[in-house]
Amino acid sequence: MAKVLVKANVAYPATLLATLEGLDRKPFGELNFVAEQDDDIPNLIYITFGWASLQSAREFWGSATGRRHVVAWQSVIPPEFVLLRTLPHEAP
-4 MAKVLVKANV
6 AYPATLLATL
16 EGLDRKPFGE
26 LNFVAEQDDD
36 IPNLIYITFG
46 WASLQSAREF
56 WGSATGRRHV
66 VAWQSVIPPE
76 FVLLRTLPHE
86 AP
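Per the working numbering, the very first residue in the sequence shown carries number -4; after that it's consecutive.
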């Protein structure tokens, strides 16, 4: 599993949430997402996407569909994307 962490400064947080909920990314490999709002800067949103693999995440976010999806967020500045690989570990 992989995660994609996005930091987005958006004009309208409600529009971002509606856009996130309006596109089914599961066929592209998304497992889930959580959107969180900065308590001090309401227009700063952090989104964590669970993704089936880094490859499927890269393919989606690099595709025309992924780019159009990001444009619909109405970010004030380009969002920052970080792709995260889950490290294997043993449970205590």
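In this text, a Cβ means the ideal position worked out from N, Cα and C, and glycines have one as well.
The structure presented is a predicted model; accordingly, all values stated were derived computationally and were not measured.
Asked	Found
Considering only the alpha carbon of each residue, which of A67, R20 and W56 lies closest to T10?	A67
What are the uninterrupted segments assigned as alpha helix (DSSP H) that are 4 or more residues long and contained completely in the region 47 to 71, given in chain order?	49 to 57 and 59 to 66
As a quick exercise: from P74, E16 and Q32, pick the residue whose alpha carbon is nearest that of P8.	Q32
Kindly identify the DSSP beta-bridge partner or partners of T43.	L0 and V29
On the three-pair Cβ rule with 8 Å, is the region 9 to 23 touching the region 72 to 84?	no
Looking only at C-alpha atoms, which of R53, N4, V(-1) and L18 sits nearest to D35?	N4
Please identify the residue among I42, E85, S48 and H84 whose C-alpha is closest to the C-alpha of T14.	I42
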